[in-house]
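First residue of the sequence shown: 76, per the numbering used here; consecutive thereafter. Report on the structure given below.
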Amino acid sequence: MRALLITFSLFLAAPAMAAEEPVTYGCDEMVVIGRLENLDYEHVELKDDLLGHGWMNARIHVRSVVKGADRRRVLPLRYFGHTYLRHDRTFMLVLSPQEGAYGLTSATMLRGWSRPKLEAACRPAQPAALP
76 MRALLITFSL FLAAPAMAAE EPVTYGCDEM VVIGRLENLD YEHVELKDDL
126 LGHGWMNARI HVRSVVKGAD RRRVLPLRYF GHTYLRHDRT FMLVLSPQEG
176 AYGLTSATML RGWSRPKLEA ACRPAQPAAL P
């Protein structure tokens with residue numbers, strides 16, 4: 076009985092989980108749900124980089140297109156990071172058009188049957204910064 080009371084007390088004292096923020100996307104970007112097939116990795120030498128970073132190439136096996144006009148079932152992807160994104164999980168991916176492949180703006184891993192919500196409207200493209 077004492078263990079039950081302690082467990083119940085801990086449950087009541089735990090803070091409520093914050094609702095997930097909606098996924099933002101640019102008006103020129105695509106949003107898809109799919110899994111990655113990771114391909115090659117190109118190491119980039121950065122000063123004082125203890126973990127190592129590089130460019131990764133992958134294919135996205137698209138389950139569904141949430142926003143965007145490209146209806147191909149397999150899309151090329153190029154992204155920069157410490158390591159590959161997981162190939163065994165489904166993601167909601169925000170993709171920016173690049174030359175020859177899509178660039179990765181954001182990736183949200185899906186949990187169970189729930190899907191992250193999108194912002195109600197896209198972000199307009201930002202003008203290029205002057206040098």
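Cβ coordinates follow ideal geometry from the N, Cα and C atoms, glycine included. Every value quoted in this text rests on a predicted model; they were computed, and no experiment measured them.
How would you write the range of the beta strand (DSSP E) that residue i sits in, first residue to last?
{"i": "D115", "result": "105 to 119"}
{"i": "K142", "result": "128 to 142"}
{"i": "P151", "result": "149 to 156"}
{"i": "A182", "result": "177 to 184"}
Using the C-alpha atoms, what's the distance from residue j back to residue i?
{"i": "L80", "j": "S181", "result": "Legend: pLDDT at L80 = 37, less than 50; position of this residue unreliable, value from coordinates given subsequently. Those two C-alpha atoms are separated by around 42 Å."}
{"i": "S38", "j": "I108", "result": "Limits of the chain in this structure are 76 at one end and 206 at the other, which puts residue 38 out of reach."}
{"i": "Y159", "j": "N113", "result": "7 Å"}
{"i": "G187", "j": "D163", "result": "13 Å"}
{"i": "T99", "j": "T183", "result": "11 Å"}
{"i": "L179", "j": "D123", "result": "25 Å"}
{"i": "R198", "j": "R147", "result": "24 Å"}
Please name the residue, chosen from the options, that lies closest to residue i on a Cα-to-Cα basis.
{"i": "S171", "options": "A196, E117, D115, K142", "result": "K142"}
{"i": "H128", "options": "V119, R134, R147, I135", "result": "V119"}
{"i": "E174", "options": "D123, L150, S189", "result": "L150"}
{"i": "E117", "options": "R198, D123, N132, L111", "result": "N132"}
{"i": "R110", "options": "V169, E95, G101", "result": "V169"}
For residue i and residue j, which I take to be in contact (beta-carbon distance under 8 Å), what is that distance rounded to the nearest angstrom?
{"i": "L193", "j": "F166", "result": "So it is not a contact: roughly 14 Å between Cβ atoms."}
{"i": "Y154", "j": "M105", "result": "Between M105 and Y154 the Cβ distance is about 14 Å, and since that is not below 8 Å, they are no contact."}
Starting from residue i, follow its DSSP beta bridges and name the residues at the other end.
{"i": "P172", "result": "Y177"}
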